[in-house]
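Respectively, the protein sequence lines represent chains A and B. Here my numbering runs 18 ahead of the position in the first sequence, where the first position is 1. Here my numbering runs 12 ahead of the position in the second sequence, where the first position is 1.
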Amino acid sequence: MTRYLLKRVAQAAAVLLAITALAFALFYAAPSDPALIACGPRCDTAQVEAVRASMGLDRPLLAQFLDYAGGIVTGRTIADVDGTPIPCPAPCLGYSYTLHQPVLAAIADRLPVTVSLAAGALTVIVVLGVGSGLAAALRRGRPTDRLLSGFSLLGASVQIYFLGYVLQFLLVYTTGLVPLPRYVPFAAHPAQWALGLLLPWLVLGFVNAAVFARLTRSQLLETMHHGYVRTARAKGLGTLRAHLKYTARGAAGPLVQLLGLEVGALLGGAFITETVFGLGGVGKLAVDAVNGNDLPTVVGTVLLAAFFVVVFVAVADVVVAWLDPRVRLA
Amino acid sequence: MSRPSALRVRDLTVTFGTARGPVPAVRDISFDVAPGEVLGLVGESGSGKSTIGLAALGLHDPARTHIEGSIRLGGGPELVGAPESVLKRVRGARAAMVFQDALDALSPYHTIGAQIAEAYRVHHPKAGRRVARQRAAAMLERVGIPAARASDHPHHLSGGMRQRVVIAMALVNDPDVLIADEPTTALDARVQRQVLDLIRELQTETGTAMLLITHDVGVVAATCHRMLVLRAGEALEEGPTTRLLTSAAHSYTRALVQAAPTLRTPPRSRLPTVEDPEPKPRATARPGTAPAPTGVLAELRDLRVEYPGRRRFRPHTAVDGVSLHVSRGETLGLVGESGSGKSTIARVLAGLRRPTGGEVRFDGRDISGAATNARLRRELSRDVQLVFQDPYASLNPRRTVEQIVTTPLRVHTDLDAARRRDRAVELLEQVGLSASHLSRHPHEFSGGQRQRIGIARALAVRPRLVIADEPVSALDVSVQAQVLNLLMDLREELGLSLLFISHDLAVVRHFCDRIAVLKDGRLVEAGPRDTVFDTPAAPYTKELLAAVL
């Protein structure tokens, strides 16, 4: 198990390094000139060149990349447009000349929103998805199963912006059951935090739960017919206990893997949901950065999203290996 | 019977509810098993034998199954219709089950020690973990597995050891009744013998009553006091094993007993089947002899095949320096246990696998490159055709019989559609089917019929060598006899040369002219049938022969 763990961590690190290089290459492949953007529209050529020099953009590409990658590990000092040194401690993701703050600080400001959104949505996904998949599997072929299948098809086919606006119209504007979504820090007021995010949670959760419901159902039905579940019952275990101990464990692998991917993706920012409900999370930050040509922030958010996905996929793999000893051999 | 029976079944009827209405699986079965007695429940697939075993433990899905009649253990309560709480106390404690496929029956997620200990703790809730662990270790030792391996997972064990674990798990609570459902069917002959001996030894020692469910008359002969023959869900005949094996009243039982060739059956004779229980010897055939072979058709010299190892593991040598040949008009039998390299040799000769070393010749021509040379393989497949083991997996379910049988003709001949169809009809009639089957799909046929379709496909282009890889091992004994009879007829009619691969020594002895014995990729012994079977030279061949039931 230890060997498997080490192997998996090394793999994750390699993938992250490759993504860093790719994102950095993207930064320089972009048609816009970072120095020009940083300097502003009223700069003349000499001023742009000065800015370019102070930003270090005149140095060889490889040196710049090593600076950037090194900054992530050890931190570095970045020169602002006018040459003022700005300390950027590790993990330094660069400096946004548009927001006038280190990219990491910009992300850190907005991450609580994204994390709150992801946490609630994941709860909804797991409870709704796994729960309805379980119910459908236990009542296979009966009306409950068909009803739940219909619901999950609806969830899979409906778009977030459509469902979001519909629910907002019905629950907020028409009936007033739920307040208009807004972000209140959890530490400041837990109840308002939950109430303010309830609608986004439900929408994001419902749409993503569909895949989980379908996978849960098919996994359970497949595992249920394995001989070892029957063996457990032949030993004298009750049906429920046999299912909890054996069926659930057999069915869990693919679900854990999908969940890992989902956690990573949600923490990287849920742009559409954030936009629909006017929440300022990392997704919104990324899209604003793209629109505003704020390349350091674009690269930073891309890296962050990749980081979360890689880390949680690796965590999921380790959990699967823990669940199934046969995986550790591969 | 004076002693009270350990298991008493009366008028048992089991009906499965399906989408197309109720389907009876078992009708009006009654029997008793006394303490210490072994009753064999014998029948072919679909006879309902496993259904009875599952019903005895109440393991059927109550939503889809309707059970009538009575099942009692000793003087215990009625089990048919009993609530789950009663059944839970019986299962694994008073009656326990040994399932067929140990790899599937054991959880891949838990250690074998934990799985045995769990079976103990379920019925001894007051026992601590340590006691249960000790008990599991003791049970492992009793079935011949070192207690130190308790922390292994099932995938670390061999097939025979896994089956031993399943037996240990069933016996951990000293049940009054042990139900063993095909406990050795998935095992090699030598391991089967060991496991059967172990079951019998433990059963005698503990005085447990045993219900042994099997399709294999040989297993019954070796283990059971009495046997009950089932056919299509009904009891046909019951009695002491010795009487039923020698002088059964019912012709079906006689056919079942004699359909599987033994080491005493005259080679090349027609085997009795259910439809034809007392076959006449073929008029044209000279029993026991084969036409004199004329020249070598296919030849392997010092063949070596390695499968690449994964990551840092060394490559696995599947075939290691094997030399053998098939002469024209001869049938060579290739015998060995699983993993001995039989199928790999078949793949090399069919041009599907590139040898790592050595020579492969067909009709004098070097064909070792056929696996990587599409043209050579195509030419080779004109002359060498395969019949596969699994008649369910080897026919494409989306194609009609006509498409299946005529595909080789389309590839290898310039016959037009009408003439291909004529040839397909001719082939189907040769294998005992008819033109009306042309437009059907494989799922409409039984296993034996499917195997006939597979044979027709292989014969379509009139190949010079037919490689049959375990062609009858997935079939019921009486169907196996039919297919073997068919293959013998076709061989004579068409003068086929065959490479016949099997793990079943009795079948090989019956069907083949020369025998080659393989072990771990090496050739142990090769020679004419009578020499190998009557005076085997290698100790391994003797061991294999001794394990035949």
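Yeah, the Cβ is synthetic: ideal placement off N, Cα and C, and Gly gets one too.
Okay, do the segment 175 to 182 of chain B and the segment 208 to 215 of chain B touch, 3+ Cβ pairs below 8 Å being the bar? Pairwise C-beta distances place the segment 175 to 182 of chain B in contact with the segment 208 to 215 of chain B, as three or more of them are shorter than 8 Å.
So residue 44(B) is in the beta strand (DSSP E); what residue range does that whole segment cover? That run of the beta strand (DSSP E) goes 33 to 45.
Assuming the contact rule is C-beta atoms closer than 8 Å, residue 388(B) and residue 363(B) should be a hit. Round their C-beta distance to whole Å, please. Confirmed, about 7 Å.
Could you tell me if residue 438(B) is buried or exposed, where buried requires 16 or more neighbouring beta carbons within 10 angstroms of its beta carbon? Here residue 438(B) is exposed: its Cβ has fewer than 16 other Cβ atoms, across all protein chains shown, within 10 Å.
Looking at C-alpha atoms only, which residue of 251(B), 328(B), 447(B) is the closest neighbour of residue 49(B)? Nearest option by C-alpha distance: 251(B).
Chain B partners of residue 342(A), CB-CB under 8 Å? Correct list: 120, 121.
Can you check whether the C-beta of residue 235(A) is within less than 7 Å of a C-beta belonging to chain B? Chain B, which has no Cβ nearer than 7 Å to the Cβ of residue 235(A), makes this no.
Beta-carbon separation (whole angstroms), residue 488(B) vs residue 513(B), contact threshold 8 Å: Wrong, their Cβ atoms sit about 20 Å apart, outside the cutoff.
Using a Cβ-Cβ distance under 7 Å, would residue 296(B) count as near chain A? Residue placement at residue 296(B) cannot be trusted, given a pLDDT of 48 that sits under 50; the coordinates are not used to answer.
Let me make sure I understand the geometry here. Which of 72(A), 120(A), 276(A), 121(A) has the alpha-carbon closest to that of residue 97(A)? Of the candidates 72(A), 120(A), 276(A), 121(A), the one whose C-alpha sits nearest the C-alpha of residue 97(A) is 72(A).
The beta strand (DSSP E) that contains residue 311(B), what's its start and end? Residue 311(B): member of the beta strand (DSSP E) spanning 308 to 319, first to last residue.
Against chain A, with Cβ distances strictly below 7 Å, would residue 135(B) count as a contact? So yes, residue 135(B) belongs to the interface.
At a Cβ threshold of 7 Å, is residue 103(B) touching chain A? Yes, residue 103(B) counts as interfacial toward chain A.
Chain-ordered residues of the segment 224 to 258 of chain A with a beta carbon less than 9 Å from chain B: So the close ones are 244, 245, 246, 247, 248, 249, 250, 251, 252, 253, 254, 255, 256, 257.
For residue 299(B), collect the residues of the same chain with a Cβ closer than 7 Å to its Cβ; drop the 5 residues on either side in sequence, then sort them by chain order. Reliability fails at residue 299(B), whose pLDDT of 48 lies under 50, so the model's placement of it is uncertain and the value that follows must be treated cautiously. Taking C-beta separations shorter than 7 Å and ignoring five residues to either side along the sequence, the partners of residue 299(B) in its chain run 278, 280, 281, 293, following chain order.
Between the segment 143 to 158 of chain A and the segment 230 to 238 of chain A, can you find at least three pairs of beta-carbon atoms closer than 8 Å? Yes: at least three Cβ pairs fall under 8 Å.
Could you tell me which of 356(B), 400(B), 469(B), 408(B) sits nearest to residue 383(B), measuring between CA atoms? Residue nearest to residue 383(B) within the set 356(B), 400(B), 469(B), 408(B) is 356(B) (criterion: CA-CA distance).
Check the Cβ-Cβ distances between residue 267(A) and every residue of chain B, and say whether any is below 7 Å. Chain B has a Cβ within less than 7 Å of the Cβ of residue 267(A).
So which residues on chain B does residue 264(A) lean against when the C-beta distance must stay under 8 Å? Within 8 Å Cβ-Cβ: 119, 121.
For residue 238(B), tell me which candidate among 105(B), 202(B), 53(B) has the shortest Cα-Cα distance. Across the set 105(B), 202(B), 53(B), the C-alpha of 53(B) shows the shortest separation from the C-alpha of residue 238(B).
So for residue 328(B), helix, strand or coil by DSSP? If DSSP states are grouped into helix, strand and coil, residue 328(B) belongs with the strands.
Contact check, residue 106(B) vs residue 187(B) under 8 Å by CB: the rounded distance? About 6 Å; that satisfies the 8 Å criterion.
So that I know if they touch, is there some Cβ in chain A lying closer than 7 Å to that of residue 72(B)? No, because no Cβ of chain A sits closer than 7 Å to the Cβ of residue 72(B).
Verify the CB distance criterion: does residue 299(B) have a CB-CB separation below 7 Å to chain A? Since pLDDT at residue 299(B) reaches only 48, below the 50 mark, its modelled position is unreliable, and no value is offered.
Going by Cα to Cα distance, which pick from 143(B), 318(B), 523(B), 517(B) is closest to residue 496(B)? Selected option, being the one with the closest Cα: 523(B).
For residue 69(B), go through chain A and note every residue whose CB falls closer than 9 Å to its CB, in chain order. The answer, in chain order, is 251, 252.
Contacts that residue 111(B) makes with chain A (C-beta to C-beta distance below 9 Å): The contacting residues are 245, 248, 249, 252.
Where residue 328(B) meets chain D, residues with beta-carbon distance less than 7 Å: The displayed structure is made up of protein chains A and B, and chain D is not among them.
So the candidates are 334(A), 214(A), 119(A); which of them puts its Cα closest to the Cα of residue 270(A)? Taking the Cα of residue 270(A) as reference, the smallest distance to any Cα among 334(A), 214(A), 119(A) is reached at 334(A).
Is the closest heavy atom of the ligand HEM to the C-beta of residue 130(A) under 6 Å? The ligand HEM is absent from the structure shown, which contains no ligand whatsoever.
When you compare each of 546(B), 316(B), 261(B), 527(B) to residue 342(B) by their alpha carbons, which one comes out closest? Looking only at 546(B), 316(B), 261(B), 527(B), the smallest Cα-Cα distance to residue 342(B) is reached by 527(B).
Residue 391(B) by DSSP, collapsed to three states: which one? In the displayed model, residue 391(B) falls within a helix according to three-state DSSP.
Under a CB-based cut-off of 7 Å, is residue 131(B) close to chain A? So yes, residue 131(B) belongs to the interface.
Between which two residues does the alpha helix (DSSP H) carrying residue 424(B) extend? Element bounds for residue 424(B): 413 to 424.
Helix, strand or coil, according to DSSP, for residue 445(B) in the structure here? Annotated three-state conformation of residue 445(B) is coil, per DSSP.
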